[in-house]
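Protein chains in written order, with our numbering: chain D, 3 to 55; chain B, 124 to 876. Glycine included, each C-beta is placed from N, C-alpha and C at the ideal position.
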Amino acid sequence: MKADVIVGLIVIVSSLSAIIFLTLWCRRIIEDLHSKYSKKSQGINEESKNEGN
Amino acid sequence: MKETDTEQSEIAVGLSRELKLLHITMMGVGMMIGAGVFIGIGNAIKIAGPGGVVLTFCLNGIIALFTGMSYAELSSAMPRAGGTYNFSRIAFGHSLGFLTGWMEWFASSVAGSLYAITFAIYTTHYLSQLGLISVKDIQLPLVEKLLGVGIASLFLYINYRGTSQTGTTEALLTLGQIIILSFIALVGVVVAFLDPERLANFEPFLPYGWKKLLITMGFTYVAFEGFEVIAQAGDETIQPRRNLPKAMLYSILLVVLTYVGLSFTCVVAVKDVGEPAWIWIGKYGSKGFGQAISQLLPFGSFLTTIAIIFASTSALNATIYSATRVSYALGRDRMLPKIFAHISKKNLTPDVALALTAGIVISVVAFLPTIDVASSASMMFLFLFFIVNLCAVRIRHQMGDELTYGFLMPLFPLFPIVAIIVQALLAAWLIHVSLIAWIVVPAWIILGVIIYHTYAKHRTMATRDEVMILEEKPIPRKKRYRILLAVANPVNAVQLAWHCYRFCKAKKAEVEVVHMVPVPPRLSLSDAPKYILTGKEAIVEATLYLSTNFPFGSTIRYCRSIPRGIISTASEQKADLLVMGWEGFRRKGFALGSTIDAVLKRTTCNVAILKNCRQQRYWRVLVPFAGGPNSTFALETASIFVEKKGGEITVFHVFPSGKPNVNIEDFLRRNLPLLKVDSSLFKPKYVMSSHLLEALLDEARDYDLVVIGASREGLFQQAVMGKLPEEFARQYKKPLIMVKALHPIKSFVRKWM
């Protein structure tokens, strides 16, 4: 097998893996931030409820 | 002036969020799989060879993903401000904002031209393969151009008429398209596995070396434009901070895998053609993909043509829509003459912006060669994405502390910087493919700069968007039984509010008053404030009754369709009861009208529809009774509205012959203790009559109020029982409340489906 074929295959496989890995990594970040944001707004609601009382 | 007054009021103005993650992901995928890939594969094989085409889509996928991360971060932080034009206006001010909008208008228009040309090329090719038309080689370009102009004109007209697909229909069409393309890609992989000799088609892998990849990456980059439209749906998406970035990243991933699969299949599809496969495919240029697939599958040519027709027409429609919206927005913000924001009174579409977009689309289709159109569109999108990556870096640095991000890209600012460098390089390299693109695109940008300095600079104004962009309140938590009161106009708002008061008192409820402002599909949702005055008046009327006695909130929501808006609001607010009025009018083909029918069928909470309820006190209340699922809620509603002193509720059952179908006394004995209402108020009554409706109308004549349950939903039940309650509701002219009780299992299924 020629060198350009080997390098080409490595580039194809690694770029597809990188795309899948990055998508999953970003998904994880989105979920983490979402749960953090939900907890925060829940805390604000609780706080305003206590102030009201 | 009125606008200013309304802004000062305390009524919240919100949007009806109707699009889910699947809808917006499919929206992005549908826009991306337009034409670039079909035209690009054949040309890329010709320039970079068989390995080069697969590498092109892999590497472009990475750059698109980096840019997608920038879009995802920006739209998660500012879901209201979706779109490249708004991002650059916030990051760099009006000058670059204008230039971006100006470029976006041209980019979308040229992309639309490319889709029209792709449609024309593949349709002509398929029809001549079938022998349905006979075109000589010399006439072919002319026929393709004419067909391209024809299809572009058709979709420009469709956009003028203002018809649009719903989110679900569009999602289904895109899903169908992906299934066909995935099938083609899968067949290629299977064939290569069963017949490994076909892998020899990849020899030589890169016949002209690595440098050629820069050219093919440049002109096929247009195949990755489209995911950015997801950012424009921020106003209509459920949980936009979470779903917008996810949809962008998922759509890029799906599209990259599809493109890589298709380009691999295209190479392995060809066998025994008497010359190297890549040379054979390259000879066909833009048609190379279709030609190769027709070698692989018996109906390959048909399948490819169908997929391309679907892909190119839906993308053509969407790009014309997008281009028109951008030029309209520039006119609305006074950056271009006011005439750009003119709306056709007949169709509620921005007709002048559309006419000018038509001028660009048709001229490009008619006068530019395909490869130059693809290169021009690619170059403009490369510049636009370049700007978005800059915006992501600048906004995180300058405003990052003030924003609530739903997504923060990792290793910041590595990815946007790499994307900026590569995109600049690819745009520069396009000079090797199309000199025309390198003349047309800079000329358009220079024209934009001149227009900005001579015209737009002195007329720009702060828009309402800019003020509201950074604000987004979290949904308040539900504390008790929640009633959603939908008011349509100030005339009936008072009566509705009074009836709602009775519900609130009985249920110790909190109440949210909502008014829906329908915005035609061709107008931006940000234009809705022009139409909210009626809603404000209606809400103020309702407020007088309710706000001092119960926890109270009010919202005006923009929506594309009133029933969808009400249903999604009820679901989002976790309402227990929806109260709304009905004037008694209906359109042909609907039981109670297009809005009421949809609300009764699809709302996932209890519903009470009020008709002619102008009184404040009811002594004699009639409850038609058939023992159905809404009976208990009807009895409870009647007990809420009847006067407790001297009032009376007649539970009325009419049956055609023989014995009564139900035992009212038994039903009351079992259910009234659960409802905690005074059983002495209820009086059963049975009547035998073969004319059920007439008997019911006759009986109801002497009552102050009728409370009736809506029809059962099953087709079989309706065929047997008819829609008696709806027919009665239409004909009865006195106060009436039609109720529908929540069915827990059906509601659960609807909510999740």
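With a cut-off of 9 Å, does the C-beta of residue i fall near any C-beta of chain B?
i, result
"K1 of chain D", "In the structure as shown, chain D starts at 3 and stops at 55, and residue 1 of chain D therefore has no counterpart that could be examined."
For residue i, collect the residues of the same chain with a Cβ closer than 8 Å to its Cβ; drop the 5 residues on either side in sequence, then sort them by chain order.
i, result
"L182 of chain B", "L336, M340"
"E771 of chain B", "W742, R743, V744, V765, L804, K806"
"K469 of chain B", "none"
"N282 of chain B", "N440, I443, Y444, T447, T472, L477, R645"
"S37 of chain D", "none"
Does residue i have its Cβ less than 9 Å from a Cβ in chain D?
i, result
"T527 of chain B", "yes"
"A864 of chain B", "no"
"L188 of chain B", "yes"
"Q362 of chain B", "yes"
"L142 of chain B", "no"
"P373 of chain B", "The question names Pro, but residue 373 of chain B in the sequence shown is Tyr. Y373 of chain B counts as touching chain D."
"S199 of chain B", "yes"
"M150 of chain B", "no"
"I353 of chain B", "no"
"W333 of chain B", "yes"
"I185 of chain B", "yes"
"K631 of chain B", "no"
"R321 of chain B", "no"
"G174 of chain B", "yes"
"R519 of chain B", "no"
"A476 of chain B", "no"
"V160 of chain B", "no"
"F325 of chain B", "yes"
"A616 of chain B", "no"
"E594 of chain B", "Confidence at E594 of chain B is low in this model, with a pLDDT of 38, below 50, so its placement is unreliable and no value can be given for it."
"P368 of chain B", "yes"
"F278 of chain B", "no"
"A195 of chain B", "yes"
Excluding the 5 residues flanking residue i on each side, which residues of the same chain have their C-beta closer than 6 Å to its C-beta?
i, result
"T289 of chain B", "In this prediction, T289 of chain B scores a pLDDT of 47, lower than 50, which makes its location untrustworthy; the coordinate-derived value is nonetheless stated afterwards. There are no such residues."
"Q418 of chain B", "A392, V393"
"G405 of chain B", "I168, K169"
"T926 of chain B", "Absent from the structure is residue 926 of chain B, since the part of chain B shown begins at 124 and ends at 876."
"L838 of chain B", "Any reading at L838 of chain B is ruled out, since the residue's pLDDT is 43, under 50, leaving its predicted position unreliable."
"V590 of chain B", "Here the model assigns V590 of chain B a pLDDT of 37, short of 50, so the residue's position is not dependable and the matter cannot be decided."
"G704 of chain B", "N615, L619, L733"
"F675 of chain B", "V634, L669"
For a contact meaning CB atoms closer than 9 Å, what does residue i contact in chain D?
i, result
"R605 of chain B", "Ordered by position in chain D, no residue passes the 9 Å Cβ test against R605 of chain B, which lies about 15 Å from the chain."
Note down, in chain order, each residue of its chain lying with its Cβ closer than 7 Å to the Cβ of residue i, except the 5 sequence neighbours on either side.
i, result
"S467 of chain B", "D474"
"L549 of chain B", "L337, M340, G341, Y344, L505"
If you measure between the beta carbons of residue i and residue j, is that distance less than 9 Å?
i, j, result
"K631 of chain B", "Y604 of chain B", "yes"
"A441 of chain B", "T190 of chain B", "no"
"I244 of chain B", "E227 of chain B", "no"
"S374 of chain B", "T493 of chain B", "no"
"L491 of chain B", "I559 of chain B", "yes"
"A356 of chain B", "F210 of chain B", "no"
"V634 of chain B", "I240 of chain B", "no"
"Y809 of chain B", "P783 of chain B", "yes"
"I606 of chain B", "L700 of chain B", "yes"
"L669 of chain B", "V702 of chain B", "no"
"L367 of chain B", "G220 of chain B", "no"
"G10 of chain D", "F328 of chain B", "yes"
Under 7 Å Cβ-Cβ, which residues of chain B neighbour residue i?
i, result
"I14 of chain D", "V177, L178, C181"
"S19 of chain D", "Result: empty, since nearest Cβ-Cβ is about 10 Å, beyond 7 Å."
Identify every residue that forms a DSSP beta bridge with residue i.
i, result
"C682 of chain B", "B:P641"
"G704 of chain B", "B:L733"
"S231 of chain B", "According to DSSP, S231 of chain B bridges with nothing at all."
"E817 of chain B", "The partner list for E817 of chain B (beta bridge, DSSP) is empty, contrary to what the question assumes."
"H776 of chain B", "B:Y809"
"I860 of chain B", "B:L733, B:V830"
"T428 of chain B", "DSSP, once it has assigned bridges, lists no residue as partnering T428 of chain B."
"F189 of chain B", "DSSP output for F189 of chain B lists no bridge partner at all."
"S677 of chain B", "B:V636"
For residue i, verify whether its CB is less than 8 Å away from any heavy atom of the ligand NAD.
i, result
"S802 of chain B", "In the structure on display, the ligand NAD does not appear, and there are no ligands present to speak of."
Anything in chain D within Cβ reach of residue i, meaning under 7 Å, just list it in chain order.
i, result
"F342 of chain B", "Those within 7 Å of F342 of chain B in chain D number zero; the least Cβ separation is about 19 Å."
"K806 of chain B", "By Cβ distance, chain D contributes nothing, its closest Cβ being about 45 Å from K806 of chain B, past 7 Å."
"F778 of chain B", "Per Cβ cutoff of 7 Å: no residues; F778 of chain B is ~52 Å from chain D at best."
Listing by chain order, which chain D residues have their CB less than 8 Å from the CB of residue i?
i, result
"F328 of chain B", "K4, D6, V7, G10"
"F347 of chain B", "Chain D residues near F347 of chain B: none, gap ~12 Å exceeds 8 Å."
"V383 of chain B", "I14, L18"
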